[in-house]
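This report refers to the structure that appears directly beneath it.
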Amino acid sequence: MESKPNKLMFIFLYIIIALIVTFFIWSWFSEKEIIVKVNGVVRPDNEIKAVSNIVQGEVESVKMKNGESVSKGEVLFKIKSTELENKKNQIDEQIEYINTDNENLEKLNKSINDNTNYFENNDKEKEYYYKFQSYEAGNKVSFEEKNNIFSSKDELNNQKVELETLSKSISENKNLNKEGSTYSDQYESYISSREMIQNKIEQLENNKKALNEKIEENNKEKNKLNDENRKTIIDDKDKQINNQISQIDLEIKNNNEQLDKLKSDTLAQIKGSIDKINQNLNKLESTLSSLDESANISKDKNKTTFLAQIEEKINILNCNIKLN
């Protein structure tokens, strides 16, 4: 008699088959995971923002955190760059040099305008100290010439004052000049010539007076006479005396004219000397104006040159900064 199969065996068999079918279905439709070892870069789906620096160097510190949002202009990290520091120091030195140069230029302009060297002969200001010394040496001739002109002007003005005083002395017949001066001696010489003429006139006047007295005496004598012949003789004498008086009057007139001419000629000579002095003073003023104009042109030229040099240095520095 055949034995019946065990029900548990069938159940176990069905379970095995079901598991196998389920496994195949799952392996067919489920996602597979494959592990592969390769080199690569993981990139996000969004656009990548790369942060880089044009200066090479060692990163000293980072100012941001991982995943932190940053904005334009924020400091992300600090780099220590010896090359950049050296360039910065060079630029700072150039800027300091130009600022110092500008200050020295203004100081030099003031020195030139005030004709005083405000610079010290030391390492810091030595360059501009000798620049002013060079400028002063170049203008030394002009300064000496100006001083000579000023001295000449003073001398001419003094002469003019003394001549005007001499003219006033002659007009007022009083010596107003300084005692012992050349113009006081000239006045005394004029007075001496004047007195000589006046003495001559006075002598002629005395002679004329004596002749007139002689005529009066003759007239008195003639009035006492009855003799006509004697009267005629006296009349002839009076006639001769009158002729002498007429001659004396003519000489007195001539001497008075000489006296007036002496005064007018002397005053005219003084006026001519004053006019000549005025002409010389005008020439000196013109020369001074020319010297001042030349000096101003020279100063402006020097100032323009120095400013151009400074501007050129600044432009060169700006170009170097842009290149760096």
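So for the sequence shown, our numbering puts the first residue at 191; every next one is plus one. Yeah, the Cβ is synthetic: ideal placement off N, Cα and C, and Gly gets one too.
Residues of its chain near residue i, where Cβ-Cβ distance is below 7 Å and the 5 sequence neighbours each way are ignored
| i | result |
| --- | --- |
| S374 | N365, N367 and K368 |
| T477 | I339 |
| K412 | K421 and I424 |
| S479 | none |
| K564 | It is not possible to answer for residue 564, since the shown part of the chain is limited to 191 through 514. |
Opposing strand residues paired with residue i [DSSP bridges]
| i | result |
| --- | --- |
| S259 | In DSSP, S259 forms no bridge with anything. |
| S217 | According to DSSP, S217 bridges with nothing at all. |
| I269 | V249 |
Proximity winner among the options, relative to residue i (alpha-carbon distances)
| i | options | result |
| --- | --- | --- |
| S379 | S359, L394 and E286 | S359 |
| I391 | D425, E407 and I442 | I442 |
| L449 | E483, M386, N312 and E403 | M386 |
| V249 | S436, L266 and K255 | L266 |
| E475 | E362, K336, I210 and K399 | K336 |
| K399 | S383, S436 and N363 | S436 |
| N444 | N347, E407, Q388 and L457 | Q388 |
Helix, strand or coil at residue i according to DSSP, with G and I counted as helix
| i | result |
| --- | --- |
| M191 | Unreliable positioning characterises M191 in this predicted model, as indicated by a pLDDT of 44, which lies under 50. The coordinate reading is nonetheless provided below. In the structure shown, M191 sits in coil (DSSP, three-state: anything other than H, G, I, E or B). |
| K421 | helix |
| E310 | coil |
| V249 | strand |
| K390 | helix |
| K368 | coil |
| N338 | helix |
| I511 | With a pLDDT of 49 at I511, under the threshold of 50, the predicted position of this residue should be treated as unreliable, though the coordinate-derived value follows. Reduced to three states, the DSSP call for I511 is helix. |
| E264 | coil |
| E345 | helix |
| N305 | coil |
Close Cβ partners of residue i (< 8 Å) along its chain, the five nearest in sequence each way excluded
| i | result |
| --- | --- |
| I511 | Model confidence at I511 stands at a pLDDT of 49, short of 50, so the residue's coordinates are unreliable; what they give is reported in the following sentence. Excluding residues within five positions, the ones whose Cβ falls inside 8 Å are I281. |
| N468 | K350 |
Any chain B beta carbon closer than 8 Å to residue i
| i | result |
| --- | --- |
| Q469 | Looking at the structure shown, chain B is missing, and only one protein chain is on hand. |
Residues of its chain near residue i, where Cβ-Cβ distance is below 6 Å and the 5 sequence neighbours each way are ignored
| i | result |
| --- | --- |
| N397 | I438 |
| E258 | none |
Between the stretch 453-463 and the stretch 311-325, do three or more beta carbon pairs fall short of 8 Å?
no
Quick check: the stretch 423-443 against the stretch 301-310, are there 3 or more CB pairs under 8 Å?
In this structure the stretch 423-443 does not touch the stretch 301-310; the number of beta carbon pairs closer than 8 Å is below three.
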